[in-house]
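Count along the sequence shown from 1, add 28, and you get the number used in the working numbering. Below: one structure, written as structure tokens.
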Amino acid sequence: MQKTIIHKYFKGYPSVYVGGLIGTALISTVDSLKQAKFQLDFITNLYSHLPLYTEGVGWIFPAIIGAIIGFLWRNLKFDASYSFAGKNYSESNVKSNSNIL
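Right, here's the structure in full:
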């Protein structure tokens, strides 16, 4: 698996990638619709206040914010407990016992 440069700093949490992609998708979808000649003046005017939006890379700031939210989501609200075959497991239990399954 290919890792990003900062993969080790956020421990590879998938929620960081998902948050970054959601932030990017919000900007990219509107940009795509704008290029297809849809009238999105209200949203475009709102997005024009984003850093670097007028230069065409307005997705960077929302991607970073989304990644930070994903990191915080994973650290503050994520409950990695689950049950399998009638047994309850937590993330720490699974990591410490590699012979569970």
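Here a beta-carbon is modelled for each residue, glycine too, at the ideal position from N, C-alpha and C.
For this session: Go ahead and label residue 60 buried or exposed: buried means 16 or more other beta carbons lie within 10 angstroms of its beta carbon, across all protein chains shown.
Result: exposed
Exercise. Which residues in the same chain have their Cβ closer than 7 Å to the Cβ of residue 54, if we skip the five residues on either side of it in sequence?
Worked result: 90
Exercise. Would you call the region 32-48 and the region 67-78 touching, i.e. three or more CB-CB distances under 8 Å?
Worked result: no
Exercise. So, are the CB atoms of residue 94 and residue 40 less than 8 Å apart?
Worked result: Not in contact: residue 94 and residue 40 (Cβ atoms no closer than 8 Å).
Problem set entry | DSSP state of residue 64 mapped onto helix, strand, coil | coil
Problem set entry | Which of helix, strand or coil DSSP assigns to residue 150 | A question about residue 150 goes unanswered here, because the residues of the chain that appear run from 29 up to 129.
Problem set entry | Local conformation of residue 100 per DSSP, three classes | Three-state result, residue 100: helix.
For this session: Measure the C-alpha to C-alpha separation of residue 37 and residue 92 and round it to an integer number of angstroms.
Result: If you take the alpha carbons of residue 37 and residue 92, they lie about 14 Å apart.
Exercise. With a Cβ-Cβ cutoff of 8 Å, do residue 52 and residue 87 count as a contact?
Worked result: yes
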